[in-house]
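Going line by line, the protein sequences match chains A and B.
If you count the first sequence from 1, position 178 lands on 178 in this note's numbering, and the numbers rise without skipping.
If you count the second sequence from 1, position 51 lands on 1051 in this note's numbering, and the numbers rise without skipping.
Note that the Cβ used here is the ideal one computed from N, Cα and C, for glycine as well.
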Amino acid sequence: MTSGALTPYLSMLSARFRMGLQYRSAAFAGLCTQLFWGVIRVMIFTAFYRSTTHTQAMTLSDTTTYVWLGQAMFALLPWQVDTDVQSMIKTGTVAYEMLRPVDIYWLWFSRAFAQRIAPTVLRAVPMLTVAALLLHLKPPATWQCGVAWAISTILAAVLGSAISVLMTISLLWTLSGDGVSRLLPAIAYTLSGMDVPLVFFPAWSQPLLFALPFRDLVDLPFRLYLGKFAMPQWPVLFGQELAWIIAFVLLGRFLLAIGRQRLVVQGG
Amino acid sequence: MEQAQIKTLPPPASGGPGPKGSFTTKNEAGWVHRLVDAARLYCRYIGVSLRAQMQYKTSFWMLSFTQFIASGSAFVGMWVLFTRFGSLRGWSMAEVALFYGVINVAFAFADSFGRGFDVFSNMVKGGDFDRVLLRPRSLALQIGAQELLLTRIGRFTQAGLVLGWALHTLPLTWTLGKALFLMATIAGGAALFYGLYVLQATMSFWTIESLEVMNILTYGGTEVGQYPLTIYRAGFRAFFTYVVPIACVNFIPIRALLTANLTGPVLLAPAAGWLFLAVALQVWRIGVLKYTSTGS
């Protein structure tokens, strides 16, 4: 692809991103909620740590950092479908969308990506600042870990977008989006480690959690940050994250192609 | 309208006490009549809402199922922590499951019945509240009766199962009094969360932005109530006991149940939820006076 071919997607991305940055009061409310939530979670974890003398898979200070990273990166999870595309599908104006001389998948992907990163930028920066200054958020284990975390977070944003585009595409069948597109975020919340770090899950479930794509959204970047993986492992971990991205993109494109063929627009 | 209906009341039974007495009887009858009328109207509204929701049966079942899974996956988090850590500052999994079940069942009730207040800001935004103001019935009744969100049955069922498991596992000796007290606790919790939704709706008379902050108290309050209050810091404990009295409809009564120490003021603790709702409705009335329409 030449740079000219990318222009429509980049303009969509930048337009949606700038639009997303406008929702500052929503971001502020989200920040307050997340701060409160984080404080509660840290108190709960602290109480659990004080109830046992056994050594745990993660220290309390690591877990606290993990909780704050989770609160900062909360908006990266594929929480919802694109409501604009949803109303396009409901009203039939999606037909215009199909006529555009661009690749619809990447157009929708650009929207989804902007929808993930705009609120994350708005929330993560103040959240990480407050948590680092007042609430015992540790810096990355080493600077290399910091870089690995950053790379993995970008991949997580791409993966989260690919999942939410897939949810949006499912609307071509369900219209209302009451099924898969609500179920998926609920499952992702727990299986990604956003609720409880995945190391605490029972030993028998670890291979399963490791194989699923959700941990690449939260658990993997956070554990890279904490320095839980040796450097030689990194390429494999990034590779797995990338493989899931490719899988979700291909699946999304495949379903979109089918959905397009069977799409019936009720004209008037 | 109201006047007209009161006039159609049958005359008070003859042979009552003197003129003064009969006046009181008539007044009481009017009061009862209004209550019956309100209840009938409420049921009517709810009936319409339920019928409307059941038009989309697949959607209803999907959403309820999703609620069940979402609520259940949060419980998985609690279970995971207990399997790793064994206990929580002396509290067992079954005991904490009782806190979890009670607070979540209460919240599911309020979330379902209080839906009208939860989405009230949309009415203010669209100017639809004006129409409500024109009708000769209680405003709170009309808003509260807008919708009974049936899909919350998903969360309700999940929390109910956890509650049932906790009650089954814990070695409690049950009496009728204790069972009633547990139900009163749940009802008090539902009233408290309902009150929070009323306050959230009241906020929209001043601003329709940033109402999500109230999620701190509704969803956040539920999260707080899922664990014994003693694990939190003093400031949090005080806030959730005296300002938003989650502890009064959860921790305090349940601890009394678990320790079989049901005496004195503890018995009155769940009433704090109703008191909170009463205060919230008073604040709502003040808010209504502040209301200026956005409509044209």
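The segment 1277 to 1285 of chain B / the segment 1194 to 1205 of chain B touching (three or more Cβ pairs under 8 Å): Short answer: they touch.
Where the alpha helix (DSSP H) through B/G1273 begins and ends: Start and end: 1271 to 1290.
Interface flag, A/W204 vs chain B, CB-CB below 8 Å: Residue-level contact check: A/W204 does not touch chain B, since none of the beta carbons of chain B fall below 8 Å from its beta carbon.
Among A/R260, A/Q86, A/L60, nearest to A/F45 - alpha-carbon criterion: Among A/R260, A/Q86, A/L60, the Cα nearest to that of A/F45 belongs to A/L60.
Beta carbon proximity, B/N1122 to chain A, threshold 8 Å: Judged by the 8 Å Cβ criterion, B/N1122 is not in contact with chain A.
7 Å Cβ shell around A/S14 - same chain, five flanking residues per side excluded: If we look at A/S14 and ignore the five residues flanking it on each side, it has no Cβ neighbours.
Status (buried if at least 16 other CB within 10 Å, exposed otherwise) for B/C1043: That one is exposed.
Continuous alpha helix (DSSP H) assignments of at least 4 residues falling wholly in the segment 1173 to 1235 of chain B: Listed in chain order, the complete alpha helix (DSSP H) runs (minimum 4 residues) inside the segment 1173 to 1235 of chain B are 1176 to 1203, 1215 to 1225.
Residues that B/V1076 contacts on chain A, provided the C-beta gap is smaller than 7 Å: Neighbours of B/V1076 in chain A, taken as residues whose beta carbon is under 7 Å from its own, are T190 in chain order.
Neighbour-count burial assignment, A/I117, 16 or more Cβ in a 10 Å radius: With a threshold of 16 other beta carbon atoms within 10 Å, A/I117 meets it and is buried.
Min CB distance B/I1069 to chain A below 8 Å: Taking Cβ atoms only, chain A reaches closer than 8 Å to B/I1069, which makes this a yes.
First through last residue of the alpha helix (DSSP H) which encompasses B/T1259: First-last for B/T1259: undefined, no H or E at that position.
Cβ-Cβ separation, A/W244 to A/P213 (assumed contact under 8 Å), whole Å: Beta-carbon to beta-carbon, A/P213 and A/W244 are separated by about 4 Å, close enough to satisfy the 8 Å threshold.
Contact check, B/T1169 vs B/Q1067, beta carbons under 8 Å: Their beta carbons are not under 8 Å apart, which means B/T1169 does not touch B/Q1067 by this criterion.
B/G1021 versus B/V1283: straight-line alpha-carbon distance, rounded: Unreliable positioning characterises B/G1021 in this predicted model, as indicated by a pLDDT of 43, which lies under 50. A coordinate reading is not provided.
Per-residue DSSP class, three states only, for B/S1022: Because the pLDDT of B/S1022 is 44, which lies under 50, any placement of that residue in the model is unreliable, and the question is left without a value.
Per-residue contacts from A/G30 into chain B (C-beta, under 8 Å): Listed along chain B, the residues sitting closer than 8 Å to A/G30 by beta-carbon distance are E1212.
B/F1099 beta carbon less than 8 Å from that of B/Y1227: Yes; because the gap between Cβ atoms is below 8 Å, this pair is in contact.
Stretch pair the segment 103 to 114 of chain A + the segment 52 to 72 of chain A: three plus CB contacts closer than 8 Å: Put simply, the segment 103 to 114 of chain A does not touch the segment 52 to 72 of chain A. Fewer than three CB pairs are less than 8 Å apart.
Buried versus exposed call for A/Q86 [16 or more other C-beta atoms within 10 Å across all chains shown]: Flag for A/Q86 reads buried.
Neighbour list for B/S1326 in chain A, Cβ cutoff strictly below 9 Å: Nothing about residue 1326 of chain B can be reported from this structure: the residues present for chain B run from 1001 to 1296 only.
Residues near B/R1237 in its chain [Cβ-Cβ closer than 8 Å; skip 5 each side]: Same-chain partners within the cutoff: L1229, T1230, A1247.
Partner residues on chain A for B/S1087, Cβ-Cβ distance less than 7 Å: The contacting residues are S51.
Continuous alpha helix (DSSP H) assignments of at least 4 residues falling wholly in the segment 47 to 110 of chain A: Entirely contained in the segment 47 to 110 of chain A, the alpha helix (DSSP H) runs reaching 4 residues are, in chain order, 60 to 72, 83 to 91, 94 to 99.
Cross-chain neighbours of B/T1066 in chain A, by beta carbon under 8 Å: The contacting residues are D178, G179, R182, L183, A186.
B/G1018 burial status per 10 Å Cβ neighbour count (16 or more: buried): Here the model assigns B/G1018 a pLDDT of 43, short of 50, so the residue's position is not dependable and the matter cannot be decided.
Members of the segment 1034 to 1065 of chain B near chain A, C-beta cut-off 7 Å: Only those residues of the segment 1034 to 1065 of chain B whose C-beta falls short of 7 Å from the nearest C-beta of chain A are listed: S1059, M1062, L1063.
7 Å Cβ shell around A/T63 - same chain, five flanking residues per side excluded: Cβ neighbours of A/T63 beyond the five flanking positions: F45, P197.
Neighbour list for A/F200 in chain B, Cβ cutoff strictly below 7 Å: At a beta-carbon threshold of 7 Å, the residues of chain B lying near A/F200 are V1080, L1081, R1084, ordered along the chain.
Simplified DSSP state of B/L1041, which is helix, strand or coil: Residue state, collapsed to three classes: helix.
Minimum C-alpha distance to B/A1145 - residue among B/A1039, B/A1184, B/R1285: The candidate whose alpha carbon is nearest that of B/A1145 is B/A1039.
Whole-angstrom C-beta distance between A/C32 and B/E1186, which should lie under 8 Å: Here residue 1186 of chain B turns out to be Ile, not Glu, going by the sequence shown. Not a contact, Cβ separation roughly 29 Å.
8 Å Cβ cut-off: residues of chain E touching B/N1261: The question asks about chain E, but that chain is absent: this structure's protein chains are A and B.
Nearest-angstrom Cβ-Cβ length linking B/L1163 and B/G1101, presumed shorter than 8 Å: Right, their Cβ atoms sit about 3 Å apart.
Beta-carbon gap between A/L184 and A/I163 smaller than 8 Å: Yes.
Proximity below 8 Å, CB of A/W149 to CB of A/P202: Remark: C-beta atoms of A/W149 and A/P202 do not approach each other more closely than 8 Å.
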